[in-house]
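Under this note's numbering, read the sequence shown as residues 22 to 214, first letter to last.
We put the CB at the ideal spot given by N, CA and C, even for glycine.
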Amino acid sequence: MAINILGGHARGHALFVPPESITRPTSVMLRRKFFDAHQDLTNCLFVDLFAGSGAMGFEALSRGAKKVVLVDDHPKVLNVLKKNKAQISKKLDTADLSIIKQKAQAYLKTSLSYLESTSDEFDESYIFIDPPYELKDVYLECLKMLKESSFSGEIWIESDRQKGILEADLKKHSLTFSKVYKQGTSYIAKIAL
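(1) Nearest by alpha-carbon distance to residue 169: which of 207, 121 and 134 is it?
(2) Distance check for residue 203 and residue 38, CA to CA, integer angstroms please.
(3) According to DSSP, is residue 35 helix, strand or coil?
(4) Just the C-alpha distance for residue 78 and residue 128, rounded to the nearest angstrom, thanks.
(5) Do residue 66 and residue 118 have their C-beta atoms closer together than 8 Å?
(6) How about residue 160 and residue 176: are their beta carbons less than 8 Å apart?
(7) Just to confirm my understanding: we take residue 1, look at its own chain, exclude 5 residues before and 5 after, and list those with CB closer than 7 Å. What are they?
(8) Judging by CA-CA distance, which residue of 58, 34, 153 and 108 is the nearest neighbour of residue 125?
(9) Work out the CA separation of residue 46 and residue 101 for me, nearest whole Å.
(10) So with Cβ pairs under 8 Å, would you call residue 205 a contact of chain C?
(11) For residue 105, which residues of its own chain have a beta-carbon under 8 Å away from its beta-carbon, when the five flanking residues on both sides are left out?
(12) Taking only the alpha-carbon atoms, compute the straight-line gap between residue 113 and residue 142 and give it to the nearest angstrom.
(13) In the DSSP assignment, find the alpha helix (DSSP H) that holds residue 157 and state where it starts and stops.
(14) When we look at the beta-carbon of residue 184 and count the other beta-carbons within 10 Å, is it buried (16 or more) or exposed?
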């Protein structure tokens, strides 16, 4: 199975996808809705936690992101990310694309001071959080770390209204959605801290 970059300099480029038993790629329609609203990411930082195929991060790179960080800890996923980076480097400069072998929570703990200081270096910073839908505690743990930090960029999550975290779950922790893109039961939501 392959998925394609939807826009930007690498539009149409096919990405390898890890086995479905390990990951669940963001649907094409949902990815399109998000990136139609974020077409020009020039001079932005895009951090993709639970990167999977890296489709969100590679799409951001294709649309001009200055720096992309793909975070995952599964060995098969990391191999696919490296293959995708090697393939897309034929079309895009991947010097500022980092693949980090680490759990998302550990990455946030070690990188929050850097992420908090990005407002001088980048026009905008995005953190995309997309763990397996059922892991509600993981969403909350990541969001809690970001809420307690001075990170001033945008935080987006992907989940599912049947299997994943709901806005009601977030409200219990004083978190709400400020923008939502839906496709079927899946959604991508901007989190207001």
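Let me spell this out:
(1) In the sequence shown, the residue the question calls residue 169 occupies position 148. Ranking the options by Cα distance to residue 169, first place goes to 134.
(2) Counted from its first residue, the sequence shown places residue 38 at position 17. Counted from its first residue, the sequence shown places residue 203 at position 182. Between residue 38 and residue 203, the C-alpha separation is close to 22 Å.
(3) Position 14 of the sequence shown, counting from 1, holds the residue named residue 35. Strand at residue 35.
(4) By one-based count along the sequence shown, residue 78 stands at place 57. By one-based count along the sequence shown, residue 128 stands at place 107. Approximately 16 Å, taken between the alpha carbons.
(5) As a working note, residue 66 is residue 45 in the sequence shown. As a working note, residue 118 is residue 97 in the sequence shown. The Cβ-Cβ distance between residue 66 and residue 118 does not fall below 8 Å.
(6) Translated into positions along the sequence shown, residue 160 becomes position 139. Translated into positions along the sequence shown, residue 176 becomes position 155. Against a cut-off of 8 Å, the Cβ pair of residue 176 and residue 160 comes out as no contact.
(7) Only positions 22 to 214 of the chain appear in this structure, which leaves residue 1 out of reach.
(8) As a working mapping, residue 125 is identified with position 104 in the sequence shown. For the residues 58, 34, 153 and 108, the minimum Cα distance to residue 125 belongs to 153.
(9) Here the question's residue 101 lines up with position 80 in the sequence shown. Here the question's residue 46 lines up with position 25 in the sequence shown. The straight-line gap from Cα to Cα measures roughly 13 Å.
(10) No chain C appears in the structure shown, which is made up of a single protein chain.
(11) For this step, residue 105 is matched to residue 84 along the sequence shown. So the list reads 36, 37, 74, 75 and 79, once near-sequence residues are dropped.
(12) The residue labelled residue 113 in the question sits at position 92 within the sequence shown. The residue labelled residue 142 in the question sits at position 121 within the sequence shown. About 21 Å.
(13) Along the sequence shown, read from residue 1 onward, the residue named residue 157 stands at position 136. 157-168 is the span of the alpha helix (DSSP H), which, as asked, contains residue 157.
(14) Working through the sequence shown from its first residue, we reach residue 184 at position 163. Its Cβ having fewer than 16 others within 10 Å, residue 184 is exposed.
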